[in-house]
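The C-terminal position of the sequence shown is numbered 159 in the working numbering, with every residue numbered one higher than the one before it.
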Amino acid sequence: MLKSFRRPFHAALFLLAMLAFNSLWVLVGGQYHLDLMFWPWKIVLSLLAAFLAVLAVTGTRRRAWITGALLVATLAAAGAVTYYYHLNEPADEDEEQTDQLTRS
Numbered sequence: 056m057l058k059s060f061r062r063p064f065h066a067a068l069f070l071l072a073m074l075a076f077n078s079l080w081v082l083v084g085g086q087y088h089l090d091l092m093f094w095p096w097k098i099v100l101s102l103l104a105a106f107l108a109v110l111a112v113t114g115t116r117r118r119a120w121i122t123g124a125l126l127v128a129t130l131a132a133a134g135a136v137t138y139y140y141h142l143n144e145p146a147d148e149d150e151e152q153t154d155q156l157t158r159s
């Protein structure tokens, strides 16, 4: 491949990896949990996952194993953060009102 096309190819691959990671995260974790999440978590994990995916694809074989392992660790961290927000989501207001007894 021509060296002049490497940088635009890597940029396009990075954007595609960002789109794929965010789409997967919404499908697996749920949009509601991502809406509750603090925004730096989403940005840092998305950028890191996309960067590691591009590095794994374009790097050497030895570097691909290392970056692949770091990518799996990043995906696990995204899952852990999503699970934390799943456990600490706010309670619905409707559930609190159904516990009250009304006497006539």
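Think of the CB as a built atom: it goes at the ideal place given N, C-alpha and C, for glycine as much as any other residue.
Which listed residue (the options) has its alpha carbon closest to that of residue i
i: GLN86; options: ARG158, ASN143 and THR137; result: THR137
i: HIS65; options: LEU82, PRO95 and LEU107; result: LEU107
i: LEU142; options: LEU126, LEU130, LEU70 and LEU89; result: LEU89
i: LEU102; options: VAL83, ARG118 and ALA133; result: ALA133
i: TYR139; options: MET92, TRP80, LEU71 and ALA119; result: MET92
i: TRP96; options: ILE121, PRO63 and LEU130; result: LEU130
i: ALA104; options: THR113, ARG118, GLY123 and ALA135; result: GLY123
Cβ-based burial, residue i [other Cβ within 10 Å; buried from 16]
i: THR165; result: No statement about residue 165 is possible, as the shown extent of the chain runs from 56 to 159 and does not include it.
i: LEU126; result: buried
i: LEU70; result: exposed
i: LEU57; result: exposed
Residue i (DSSP reduced to helix, strand or coil)
i: THR122; result: helix
i: ARG158; result: coil
i: ALA104; result: helix
i: LEU57; result: coil
i: GLY85; result: coil
i: ASN143; result: coil
i: PHE93; result: coil
i: GLY114; result: coil
Are the stretch 94-111 and the stretch 74-81 touching, with three or more C-beta to C-beta distances below 8 Å?
yes
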